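Trainee: Attaching a single structure in structure tokens format; questions to follow.
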Amino acid sequence: MLVKLVNVFLIALRLGLTSFGGPIAHIGYFREEYVARRGWLDDRSFSDLVALCQLLPGPASSQLGIAIGTLRAGHAGGFAAWLGFTMPSAIVLIAFAYGVSEVENVAESPWLSGLKLAVVAVVALAVWSMAGTLWSDRRRITIGIAATVFMLLVPGALWQVAVIVFGGILGLLLFRGAGRDSNPEQDGADSSPSASSGPRKLALAVLVGFFVLLVGLPALAEMTGRDEIDVTENFYRSGSLVFGGGHVVLPLLHSETVEAGYIDNDQFVAGYGAAQAVPGPLFAFAAFLGTSISNPDDGDGLFAQPWIGGLVALAAIYVPSFLLVWGVLPFWKHLGQSNRVQGAIAGVNAVVVGLLLSALYSPIWTGSVRNAEDFGLVIVLFGLLAIWKLPPWSVVVVAAAGGFVLELL
Numbered sequence: 351m352l353v354k355l356v357n358v359f360l361i362a363l364r365l366g367l368t369s370f371g372g373p374i375a376h377i378g379y380f381r382e383e384y385v386a387r388r389g390w391l392d393d394r395s396f397s398d399l400v401a402l403c404q405l406l407p408g409p410a411s412s413q414l415g416i417a418i419g420t421l422r423a424g425h426a427g428g429f430a431a432w433l434g435f436t437m438p439s440a441i442v443l444i445a446f447a448y449g450v451s452e453v454e455n456v457a458e459s460p461w462l463s464g465l466k467l468a469v470v471a472v473v474a475l476a477v478w479s480m481a482g483t484l485w486s487d488r489r490r491i492t493i494g495i496a497a498t499v500f501m502l503l504v505p506g507a508l509w510q511v512a513v514i515v516f517g518g519i520l521g522l523l524l525f526r527g528a529g530r531d532s533n534p535e536q537d538g539a540d541s542s543p544s545a546s547s548g549p550r551k552l553a554l555a556v557l558v559g560f561f562v563l564l565v566g567l568p569a570l571a572e573m574t575g576r577d578e579i580d581v582t583e584n585f586y587r588s589g590s591l592v593f594g595g596g597h598v599v600l601p602l603l604h605s606e607t608v609e610a611g612y613i614d615n616d617q618f619v620a621g622y623g624a625a626q627a628v629p630g631p632l633f634a635f636a637a638f639l640g641t642s643i644s645n646p647d648d649g650d651g652l653f654a655q656p657w658i659g660g661l662v663a664l665a666a667i668y669v670p671s672f673l674l675v676w677g678v679l680p681f682w683k684h685l686g687q688s689n690r691v692q693g694a695i696a697g698v699n700a701v702v703v704g705l706l707l708s709a710l711y712s713p714i715w716t717g718s719v720r721n722a723e724d725f726g727l728v729i730v731l732f733g734l735l736a737i738w739k740l741p742p743w744s745v746v747v748v749a750a751a752g753g754f755v756l757e758l759l
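The opening position of the sequence shown corresponds to residue 351 in our numbering, with each subsequent residue numbered one higher.
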């Protein structure tokens, strides 16, 4: 078993060091590694797991790795797969948070201006791509636009959660029987026996634990008044309630960190730009935020060391993924065939595109694009991503250089 665990970890580590391009690209890397190269599961089983992870809140590619590792080597295998895939980007982003804190007048740095414009282009492309897939008819478009307008008028983390829940209810009423139309590549993929793991009683206990933490952490933070618990709860809630993963978590994390007064918007955007330039999951951005929160200018951090804050935030945002994957796997055959579940997710997906669109305007656009020159660079960066298909990390490098060029104009 130890040999198998080490094998799972090392394979995931290699993927974590080389997997650029975001969640969709990660799924392609995973298929090549686990299905085509190693034969750990077949295409049908892989498709089942992809469908499961698309339906769960949280980062789909990381959850897929957890599920594959769990099927290969039990719960320890799931953890080993996550650790290998996430560790490289988390280490880099924690180090970047230390570096940003040491730079004087970081808000005025040309490279930061470039990074902020790269984030505009990356998120704009994410909205464009997701809308093309998830806003597939007039009803979905209407729901998504309504969510966008509502969040622009009434911003805030609690309202985001309320809008997501309302989207699920609308989807349950309007899209029952919609199936997996939001992801055509998975059409016709039925659930297979390989998509079931672990005793059901243990799985139920794990799911109960997920909801206990979701309800109990806010209560504990309120009772104790401790900022450390409040921050942990914020990241846990972000990992629990965001469907679509990747860029979709951006508005909620912004509300929980910048709007809550823990860090400023320039730090936030700089970290998110850096997250585009490293391989592995975008949710590792939590490691940057946790480190930045714990490393304020006055030296009075929330945790004993800033890197501890980074690890706490990283763990908090990922614990829901472990609990959900381990809790739902044994029941996936039934859930995957439920029209009610599929309909609710269709509604939620329509809403999350709207949330991301509202975040694209504020705070991303309003905090990044200052003049016509900035807008011109955004157009160039968007073209490099959408037309020339350059990887995000290379566009981030171009953007940082472009920031220096604009400074000279």
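In this text, a Cβ means the ideal position worked out from N, Cα and C, and glycines have one as well. Keep in mind it's a predicted model, so treat the numbers as computed, not measured.
Tell me which residue opens and which closes the alpha helix (DSSP H) that serine 369 is part of.
Mentor: Element bounds for serine 369: n/a, residue is neither H nor E.
Trainee: Do leucine 735 and alanine 620 have their beta-carbon atoms positioned less than 9 Å apart in this structure?
Mentor: no
Trainee: So, does the segment 437-448 touch the segment 626-637, judging by three or more C-beta pairs under 8 Å?
Mentor: yes
Trainee: Give the single residue among Leu365, Val678, Leu639, Pro680 whose Cα lies nearest to the Cα of glycine 660.
Mentor: Leu639
Trainee: What separation, rounded to the nearest whole angstrom, lies between the Cα atoms of isoleucine 519 and leucine 759?
Mentor: 51 Å
Trainee: Throw me the rounded Cβ distance for the leucine 591 and valine 511 pair, which I believe falls under 8 Å.
Mentor: 5 Å
Trainee: Alpha carbon to alpha carbon, how far is valine 385 from leucine 602? Give it in angstroms, no decimals.
Mentor: 34 Å
Trainee: Do the segment 657-676 and the segment 395-407 touch if we need at least three Cβ pairs shorter than 8 Å?
Mentor: Counting Cβ pairs under 8 Å, three or more are found: they touch.
Trainee: Taking buried to mean at least 16 other C-beta atoms within 10 Å of its own C-beta, is serine 688 buried or exposed?
Mentor: exposed
Trainee: Isoleucine 416: which of Phe380, Ala431, Asp614 sits nearest, CA to CA?
Mentor: Ala431
Trainee: Curious, which full-length alpha helix (DSSP H) runs of at least 4 residues does the segment 353-417 contain?
Mentor: 373-380, 393-405
Trainee: Given glycine 677, which residues of its chain have a CB within under 6 Å of its CB, disregarding the five upstream and five downstream residues?
Mentor: Ala553, Val556, Leu557
Trainee: Can you check the segment 540-613 for any alpha helix (DSSP H) of at least 4 residues that lies completely inside it and give the ranges in chain order?
Mentor: 550-574, 577-591, 600-607
Trainee: Whether or not the segment 698-713 and the segment 492-510 are in contact is what I'm after, with contact meaning three or more pairs of Cβ atoms, one per stretch, closer than 8 Å; do they touch?
Mentor: yes
Trainee: Distance check for alanine 751 and leucine 462, CA to CA, integer angstroms please.
Mentor: 10 Å
Trainee: At the level of alpha carbons, what is the spacing between valine 599 and serine 588?
Mentor: 7 Å
Trainee: Given a cut-off of 9 Å, decide if valine 470 and tryptophan 715 are closer than it, judged by their beta-carbon atoms.
Mentor: yes
Trainee: Can the beta-carbon of arginine 394 be found closer than 9 Å to that of leucine 522?
Mentor: no
Trainee: Can you list, in chain order, the residues of its chain with a C-beta nearer than 7 Å to that of valine 746? Leave out the 5 residues immediately preceding and following it.
Mentor: Leu465, Ala468, Gly623, Gln626, Ala627
Trainee: Express the C-alpha separation of alanine 636 and threonine 420 in angstroms, rounding to a whole number.
Mentor: 24 Å
Trainee: Given a cut-off of 9 Å on the beta-carbon distance, is the pair leucine 414 and leucine 399 in contact?
Mentor: yes
Trainee: Count the other CB atoms within 10 Å of the CB of proline 373; is the residue buried (16 or more) or exposed (fewer)?
Mentor: buried
Trainee: Using the rule of at least 16 other Cβ atoms within 10 Å of the residue's Cβ for burial, across every protein chain shown, is phenylalanine 359 buried or exposed?
Mentor: A residue is called buried once 16 or more other Cβ atoms fall within 10 Å of its Cβ, and phenylalanine 359 is buried on that count.
Trainee: Relative to the alpha-carbon of valine 698, which residue among Pro656, Trp485, Ala362 has its alpha-carbon at the smallest distance?
Mentor: Trp485
Trainee: Buried or exposed for methionine 501, please, with buried defined as at least 16 other CB atoms from any protein chain shown within 10 angstroms of its CB.
Mentor: buried
Trainee: Which runs of the alpha helix (DSSP H) spanning at least 4 residues fall entirely within the segment 641-690, listed in chain order?
Mentor: 656-678, 682-686
Trainee: Does DSSP put threonine 498 in a helix, in a strand, or in coil?
Mentor: helix
Trainee: Pick helix, strand or coil for arginine 720, following the three-state DSSP scheme.
Mentor: coil
Trainee: Shortest alpha-carbon distance to glycine 424 belongs to which of Met351, Phe585, Glu723, Gly378?
Mentor: Met351
Trainee: Within a Cβ cutoff of 6 Å, which residues of the same chain sit near serine 459, ignoring the five residues on either side of it in sequence?
Mentor: none
Trainee: Below 9 Å between beta carbons: does that hold for alanine 663 and valine 581?
Mentor: Yes, the Cβ-Cβ distance between alanine 663 and valine 581 is below 9 Å.
Trainee: Take the Cβ of asparagine 721 as the centre, count every other Cβ of all protein chains shown within 10 Å, and call the residue buried at 16 or more, exposed below.
Mentor: exposed
Trainee: List the endpoints of the continuous alpha helix (DSSP H) containing proline 713.
Mentor: Where proline 713 is concerned, there is no enclosing alpha helix (DSSP H), given that its DSSP letter is neither H nor E.
Trainee: Could you tell me which of Phe754, Leu756, Glu723, Ala709 sits nearest to alanine 476, measuring between CA atoms?
Mentor: The shortest Cα separation from alanine 476 among Phe754, Leu756, Glu723, Ala709 belongs to Ala709.
Trainee: Between leucine 355 and alanine 426, which are expected to be in contact by the criterion C-beta below 8 Å, what is the C-beta distance as a whole number of angstroms?
Mentor: 6 Å
Trainee: Please state whether DSSP places serine 459 in a helix, a strand or coil.
Mentor: coil
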